[in-house]
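Residue numbering for the sequence shown follows UniProt numbering, starting at 341 and increasing by one per position.
Even for Gly, the Cβ is constructed at its ideal location relative to N, Cα and C.
Below is one structure, written out as structure tokens; comments come after it.
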Amino acid sequence: RHREAAPLALRDIHLSFGGVRAIDGLDLELRPGEVHGLIGPNGSGKTTTLNVICGFYVPQQGEARLGGSPLPMGQPQLRAGLGLARTFQTPRIVGESSVLENVMVGGTISGAASFLEAALSLPRSRAEERALRNRALLCLRAVGLEGLAEVRADRLQHSELRFLEIARALMLNPAFLLLDEPAAGLTGEEMWRLGELVRQVAAAGVGVLLVEHHAELIFAVCDRVTVLNLGKELAAGTPAEVRSHKEVVSAYLGG
Ligand code: ADP
Numbered sequence: 341r342h343r344e345a346a347p348l349a350l351r352d353i354h355l356s357f358g359g360v361r362a363i364d365g366l367d368l369e370l371r372p373g374e375v376h377g378l379i380g381p382n383g384s385g386k387t388t389t390l391n392v393i394c395g396f397y398v399p400q401q402g403e404a405r406l407g408g409s410p411l412p413m414g415q416p417q418l419r420a421g422l423g424l425a426r427t428f429q430t431p432r433i434v435g436e437s438s439v440l441e442n443v444m445v446g447g448t449i450s451g452a453a454s455f456l457e458a459a460l461s462l463p464r465s466r467a468e469e470r471a472l473r474n475r476a477l478l479c480l481r482a483v484g485l486e487g488l489a490e491v492r493a494d495r496l497q498h499s500e501l502r503f504l505e506i507a508r509a510l511m512l513n514p515a516f517l518l519l520d521e522p523a524a525g526l527t528g529e530e531m532w533r534l535g536e537l538v539r540q541v542a543a544a545g546v547g548v549l550l551v552e553h554h555a556e557l558i559f560a561v562c563d564r565v566t567v568l569n570l571g572k573e574l575a576a577g578t579p580a581e582v583r584s585h586k587e588v589v590s591a592y593l594g595g
């Protein structure tokens with residue numbers, strides 16, 4: 341399916357949980373084909389920002405735009421239908437189902453009609469089932485898991501589950517892919533494989549948001565980086581610009 345390549349912009353987002361200001365006046369723009377890194381200490385608002393973008397959280401103030409159009413806050417299903425796909429910090433799988441079935445699920449939430457269909461578990465036609473299967477196999481191949489398609493998901497190693505989650509998100513044919521700490525628990529080698537995958541996804545025109553605390557991964561694979569602190573932007577720019585930012589160096593890079 342063709343999607344219009346348009347940037348996704350957040351403006352002046354404020355979100356508090358009770359008295360805690362998780363996001364405090366944040367602007368952020370994701371562009372098609374770019375990897376945007378979001379980095380910052382624990383509690384700085386990275387995951388909350390991702391949850392605002394995918395519509396899980398509704399901020400008290402601020403707006404979102406997709407290209408020229410305002411995007412209503414919240415409404416995660418609408419946003420999924422517009423091509424906003426995400427992964428979770430803790431991979432969410434059905435352990436007793438196969439890897440392939442776990443990926444196929446990602447293809448049933450790509451639009452309102454099929455979302456209802458998924459929710460009601462209406463039987464699909466054989467042709468649709470086959471198309472979904474073939475697509476899931478392609479997504480598994482993209483992340484290097486095609487050899488494990490028929491294995492039960494609970495047999496996978498941690499790193500394989502992380503790649504499975506990305507395959508499932510790719511089923512949405514996303515315009516934007518939001519990754520929440522995808523490198524957590526990966527070995528160095530696995531992390532660099534993830535970095536390569538992220539670059540490939542961006543090269544296909546997808547805008548990627550990479551929430552990470554591995555600074556070396558962020559600086560190696562991102563086109564632009566936003567550094568958060570206390571829910572605010574501390575620095576933003578290219579990796580080179582952000583790396584030379586004085587406060588960033590002293591706070592995060594041990595300079
Ligand atoms: P990060 O992802 O950078 O570690 P978070 O976005 O998870 O930061 O959290 C930002 C702040 O908001 C923290 O102070 C955190 O405790 C708080 N917070 C996040 N989610 C919730 C929630 N569901 N309820 C209450 N407080 C929350």
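Let me confirm a value: residue i is counted as buried when at least 16 other C-beta atoms fall within 10 Å, else exposed. Which label applies?
i, result
"residue 436", "exposed"
"residue 453", "Residue placement at residue 453 cannot be trusted, given a pLDDT of 45 that sits under 50; what the coordinates show is reported in the next sentence. Per the 10 Å Cβ criterion, exposed."
"residue 543", "exposed"
"residue 590", "exposed"
"residue 516", "buried"
"residue 554", "buried"
"residue 380", "buried"
"residue 600", "Here the chain covers residues 341 to 595 and nothing more, so residue 600 does not appear."
"residue 503", "buried"
"residue 342", "A caution first: residue 342 carries a pLDDT of 48, below 50, which makes its placement in the model too unreliable to give a value."
"residue 419", "buried"
Between the C-alpha atoms of residue i and residue j, what's the straight-line distance to the nearest angstrom?
i, j, result
"residue 440", "residue 490", "6 Å"
"residue 520", "residue 424", "13 Å"
"residue 401", "residue 518", "22 Å"
"residue 486", "residue 477", "6 Å"
"residue 378", "residue 447", "27 Å"
"residue 484", "residue 359", "44 Å"
"residue 384", "residue 511", "30 Å"
"residue 551", "residue 534", "13 Å"
"residue 386", "residue 369", "14 Å"
"residue 399", "residue 413", "8 Å"
"residue 422", "residue 415", "11 Å"
"residue 389", "residue 364", "10 Å"
"residue 561", "residue 376", "9 Å"
"residue 371", "residue 346", "7 Å"
"residue 538", "residue 567", "19 Å"
"residue 501", "residue 509", "12 Å"
Hey, quick one: how far does the beta strand (DSSP E) through residue i stretch, first residue to last?
i, result
"residue 579", "Taken as a continuous stretch (DSSP letters only), residue 579 belongs to no beta strand (DSSP E), being part of the alpha helix (DSSP H) at 579 to 583."
"residue 349", "348 to 357"
"residue 409", "409 to 411"
"residue 568", "564 to 569"
Tell me which residue opens and which closes the alpha helix (DSSP H) that residue i is part of.
i, result
"residue 600", "Here the chain has residues from 341 to 595 only, and residue 600 is not among them."
With contact counted as at least three CB pairs below 8 Å, one residue from each stretch, are the segment 352 to 363 and the segment 402 to 416 in contact?
These segments touch.
query = How about the segment 406 to 423 and the segment 573 to 591: do they share at least three Cβ pairs that are nearer than 8 Å?
reply = no
task: Would you be able to state if there are at least three C-beta pairs under 8 Å between the segment 569 to 582 and the segment 547 to 557?
output: no
Decide if the segment 465 to 480 is in contact with the segment 427 to 436; the criterion is three or more beta carbon pairs, one per stretch, under 8 Å apart. no
Notebook entry, point to check: Residues with a Cβ closer than 6 Å to any heavy atom of ligand 1, in chain order?
Noted result: Per the Cβ criterion, the list is 357, 360, 362, 380, 382, 383, 384, 385, 386, 387, 388.
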